[in-house]
Structures are given as structure tokens and as C-alpha cells.
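**Q**
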Amino acid sequence: MTKKVRAGIFFGISMAVYLTIQSLLMKDDVSSKTIIKSVIAGLIGGFIGGFLYGWLINKYASPKKDKTG
């Protein structure tokens, strides 16, 4: 597993936790249905964020090959 993949996974997990906590703190009434919705929304947001982060880091941070040879 490369450092870029680990960075994407870490970013996705941290985004999922952040989005879940943020969603729970913004609700006035916290029921089991609200918790389930918050966790699902956090996981989806974290997955999308981690995927995009890993993809863009892999695409734009990789060293460019020199074509002068």
C-alpha cells in the first residue's frame, strides 16, 4: 500500500467522522433514526472525499516523466 493510498484512506475516514459528528451536533432532537442517517451520510461523504483526494493526489502529485531522452 503506497503512501498516497494510505493518505486517501486516512482522509476519507477523518471526513466520515467529521461529517457524522457535525450532523449530530446540528440536530435538535437526536433519535436512533437521526443517528443512522448521520452515520450513513458521513460514510458516503467520507468515501467520496477519500476517493477524490486519493485520485487527485495520484493524478497531479506524481512526478512527470521527462521526454528529452
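In terms of my numbering, the sequence shown opens at residue 1 and continues consecutively. For each residue, glycine too, the CB sits at the ideal point set by N, CA and C.
What is the DSSP secondary structure of Lys27, reduced to helix, strand or coil?
**A** Correct three-state label for Lys27: coil.
**Q** Which of helix, strand or coil does DSSP assign to Ala61?
**A** Coil, per DSSP.
**Q** Is the CB-CB distance between Gly50 and Ile9 below 8 Å?
**A** Taking 8 Å as the Cβ cut-off, Gly50 and Ile9 qualify as a contacting pair.
**Q** How big is the Cα-Cα spacing for Tyr60 and Asp29?
**A** The straight-line gap from Cα to Cα measures roughly 43 Å.
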